[in-house]
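For reference, the structure discussed in these notes is given below.
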Amino acid sequence: MASGQSAVGQAKVDVAALPKWNTAQKTAGFSLAGFCVFSWLFVAQPSPTSLVAAKVGFQSALLGWYRGHARRLPWRESPSLYGTVVSEFMLQQTQIKTALPYFARWMEELPGFAALAVASEARVLKLWEGLGYYSRARNLHRLAREIAARPEPPRTPEAWQELPGVGPYTAAAITSIAFGAPAACVDGNVVRILARLTADGTEFRDSATAAKTFTLLAEALLPAQAPGDHNQAMMELGATVCLRQNPLCTVCPVLTFCAARREGDPVAYPHLTPKKIEQRAVTRVWCERRGSLLLHRAASSARRLASQHELPTAEQAGFNETQVAAGRLLATKKRSITRFQITESIYAVPAPHGKMGPDLVWVPRTKLEAITLSGPHRRWIGELLGTRSRAGG
Ligand code: SF4
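Residue numbers (this note's numbering): 180 to 572.
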């Protein structure tokens, strides 16, 4: 893992741009590096300014803890640019424990950009099956083709952001970890830590807005040496210590820098406008014909379900309410996707007659294992087939 020099870590910070700047300090226009000697005085006040003033101690406490306590993860144990990119794509919408077996299988079957670039889309999507948000797999595939066609991969966050599926966070993570680029990663975890460290009571309408606001502070705290390790330490702290509901403050390595902890109610931060939860009802149909099951295949351009098969909705299969109501209710499933709470009712109905749309396919039950089914639907179909075979159907 390369370690580069950071301009951010050495520069004077644009103090006027930091949130909640204390007027007296603003007028003084001091050098933050020189100010560290007085940091104990400012750490007593909840502001980004005091935290930046104490950044050398903060960085050292955080990094020391990370090097002694970080979880052993495959992309950290044997770091490579490819492994970092694959793990960052998988972790965009997925928890680490879920991603681990996928990462292992992926690295075994597609061990580098060149292997991924020449793999078929069907193979890529099959390896991704169950992780959801399949546009990530398709973007990773396209990205590998672009990287494989170049003499060498780009090294700056700006250049990485021009590649498929790479936003500011992913670009900062990849380039800081692989090339030591001075780029700060700011996601929900980092927002939570920074909001608590500074006891920032601003109300943000969503986490993307909060991330934008805290980016300047995150950059100001980034060290010149090993910015990738610092970024990973922040992520690790958010994932294992500064938890959303029950932060483990007593074992926190940056406890002495934390304004929210001193106030006594860290869970109150950050202030995010609560999301409105919307209820949705979906009716799906279970149609069988001569040992085959009717499934709907999503378009390859679909963001969440690209080329995945699912049980069709009544509408997709051309059934009206009366026809569905005449069928037999097999199961009712509940799940949450982003802000939606969805109740899905699955009805057994007779096979439809006439010509079907190209997105509806009959799949022999013996071939279900070979196709790409979305995670919940593979589970539901397995349960329903299992229930029936136990009932002797
Ligand atoms: S002291 Fe507590 S609230 Fe503050 S950063 Fe550490 S874990 Fe989070």
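A virtual CB, placed ideally from N, CA and C, is assigned to each residue, including glycine.
Item to check | Nonlocal neighbours in the same chain, by C-beta distance under 8 Å from Leu-434, ignoring five residues either side | outcome: Around Leu-434, the same chain offers Cys-428, Arg-440 as residues with beta carbons nearer than 8 Å, after the five sequence neighbours per side are excluded.
Checklist entry - Going straight from the alpha carbon of Ala-510 to that of Ala-493, what length do you get? => result Cα to Cα, Ala-510 sits roughly 15 Å from Ala-493.
Checklist entry - Going by other Cβ atoms of all chains shown within 10 Å of its Cβ, with 16 needed for buried, is Ser-257 buried or exposed? => result Residue environment analysis places Ser-257 among the exposed positions, since fewer than 16 neighbouring C-beta atoms fall within 10 angstroms of its C-beta.
Item to check | C-alpha distance - Leu-242 paired with Ala-378, whole-angstrom precision | outcome: Rounded to whole angstroms, the separation of the alpha carbons of Ala-378 and Leu-242 is 22 Å.
Checklist entry - Closest by CA to Ser-553, which one among Ile-516, Leu-539, Glu-489? => result Closest option to Ser-553, Cα to Cα, is Glu-489.
Checklist entry - What does DSSP give as the partner residues of Pro-543 in its beta bridges? => result In DSSP, Pro-543 forms a bridge with Ser-471.
Next on the checklist: For ligand 1, is there any heavy atom lying closer than 7 Å to the beta carbon of Val-369?
Outcome noted: No, the beta carbon of Val-369 sits no closer than 7 Å to any heavy atom of ligand 1.
Checklist entry - Roughly how many whole angstroms lie between the Cα atoms of Leu-564 and Gln-424? => result Approximately 39 Å, taken between the alpha carbons.
Next on the checklist: Let me confirm a value: Ile-356 is counted as buried when at least 16 other C-beta atoms fall within 10 Å, else exposed. Which label applies?
Outcome noted: In summary, Ile-356 is buried, with 16 or more beta-carbon neighbours lying within 10 Å of its beta-carbon over all protein chains present.
Item to check | Rounded Cβ spacing between Gln-274 and Thr-349 (contact assumed at less than 8 Å) | outcome: Taking C-beta atoms under 8 Å as the contact rule, Gln-274 and Thr-349 fail to qualify, at a distance of about 17 Å.
Checklist entry - Straight-line CA distance for Lys-534 to Gln-458? => result Spanning the two alpha carbons is a distance of roughly 33 Å.
Next on the checklist: Along the chain, where does the alpha helix (DSSP H) containing Tyr-245 start, and where does it finish?
Outcome noted: Start and end: 234 to 248.
Checklist entry - Are the beta-carbon atoms of Glu-325 and Leu-342 separated by less than 8 Å? => result Yes. Within cutoff.
Next on the checklist: Checking 8 Å against the spacing of the C-beta atoms, do Tyr-261 and Phe-282 come in under that value?
Outcome noted: In this structure, Phe-282 does not lie closer than 8 Å to Tyr-261 by Cβ.
Checklist entry - Helix or strand or just coil, what does DSSP make of Leu-552? => result Secondary structure at Leu-552: strand, using DSSP grouped into helix, strand and coil.
Checklist entry - Tell me the DSSP bridge mates of Thr-386? => result For clarity, residue 386 is Ser in the given sequence; the question names Thr instead. Beta-bridge pairing by DSSP links Ser-386 to no other residue.
Item to check | Simplified DSSP state of Glu-325, which is helix, strand or coil | outcome: In the structure shown, Glu-325 adopts helical secondary structure according to DSSP, grouped into three states.
Next on the checklist: If I follow the unbroken beta strand (DSSP E) through Ser-524, where does it start and stop?
Outcome noted: If you look at Ser-524, you'll find it in the beta strand (DSSP E) that goes 519 to 527.
Next on the checklist: Short of 8 Å in beta carbon distance, which residues of its chain neighbour Arg-255, apart from the five on each side in sequence? Order them along the chain.
Outcome noted: Shown here for Arg-255: same chain residues with a beta carbon closer than 8 Å to its own, the five before and five after excluded, namely Ala-249, Gln-411 in chain order.
Checklist entry - Under the DSSP definition of a beta bridge, which residues are partnered with Lys-454? => result Looking at the DSSP assignment, Lys-454 forms no beta bridge with any residue, so it has no partner.
Checklist entry - Does the distance from the CB of Gln-174 to the CB of Tyr-313 come in under 8 Å? => result Since the first residue shown for the chain is 180 and the last is 572, residue 174 is missing from the structure and cannot be characterised.
Next on the checklist: In the DSSP output, which residue or residues are listed as bridge partners for His-488?
Outcome noted: BP columns for His-488 point to Arg-476, Leu-552.
Checklist entry - Rounded to a whole number of angstroms, what is the C-alpha to C-alpha distance between Val-231 and Leu-396? => result If I take the Cα positions, the gap works out to 8 Å.
Checklist entry - Rounded C-beta distance between Ile-525 and Trp-559? I'm assuming under 8 Å. => result Approximately 7 Å separates the beta-carbon atoms of Ile-525 and Trp-559; this is inside 8 Å, confirming the contact.
Item to check | Limits of the beta strand (DSSP E) - the one that Lys-512 falls within | outcome: Per DSSP, Lys-512 belongs to the beta strand (DSSP E) from 507 to 516.
Next on the checklist: At a threshold of 7 Å, does Leu-376 count as lining ligand 1 (C-beta to nearest heavy atom)?
Outcome noted: In this structure, ligand 1 has a non-hydrogen atom nearer than 7 Å to the beta-carbon of Leu-376.
Item to check | Test item: CB-CB of Leu-295 and His-320 under 8 Å | outcome: Yes. Within cutoff.
Checklist entry - Any heavy atom of ligand 1 closer than 7 Å to the CB of Leu-434? => result Result yes, Cβ under 7 Å from ligand 1.
Checklist entry - So which of Asp-385, Val-503, Ala-418, Phe-519 has the shortest CA-CA distance to Pro-453? => result Nearest C-alpha to Pro-453: Asp-385.
Checklist entry - When you compare each of Thr-522, Lys-513, Val-528 to Glu-500 by their alpha carbons, which one comes out closest? => result Checked all of Thr-522, Lys-513, Val-528; the closest Cα to Glu-500 is Val-528.
Checklist entry - Buried or exposed: which applies to Lys-234, given that a residue is buried once 16 or more other Cβ atoms fall within 10 Å of its Cβ? => result Classification for Lys-234: buried.
Checklist entry - So is Gly-561 buried or exposed if we call it buried at 16+ other beta carbons inside 10 Å? => result Residue environment analysis places Gly-561 among the exposed positions, since fewer than 16 neighbouring C-beta atoms fall within 10 angstroms of its C-beta.
Item to check | CB contact flag (Phe-393, Leu-451, <8 Å) | outcome: Going by C-beta atoms, Phe-393 is not nearer than 8 Å to Leu-451.
Item to check | 7 Å CB neighbourhood of Val-365 in its chain, flanking five on each side removed | outcome: So the list reads Tyr-348, Ala-390, Phe-393, Thr-394, Ala-397, once near-sequence residues are dropped.
Next on the checklist: Just to confirm the assignment, what range does the alpha helix (DSSP H) spanning His-409 have?
Outcome noted: Where His-409 is concerned, the enclosing alpha helix (DSSP H) stretches over 406 to 419.
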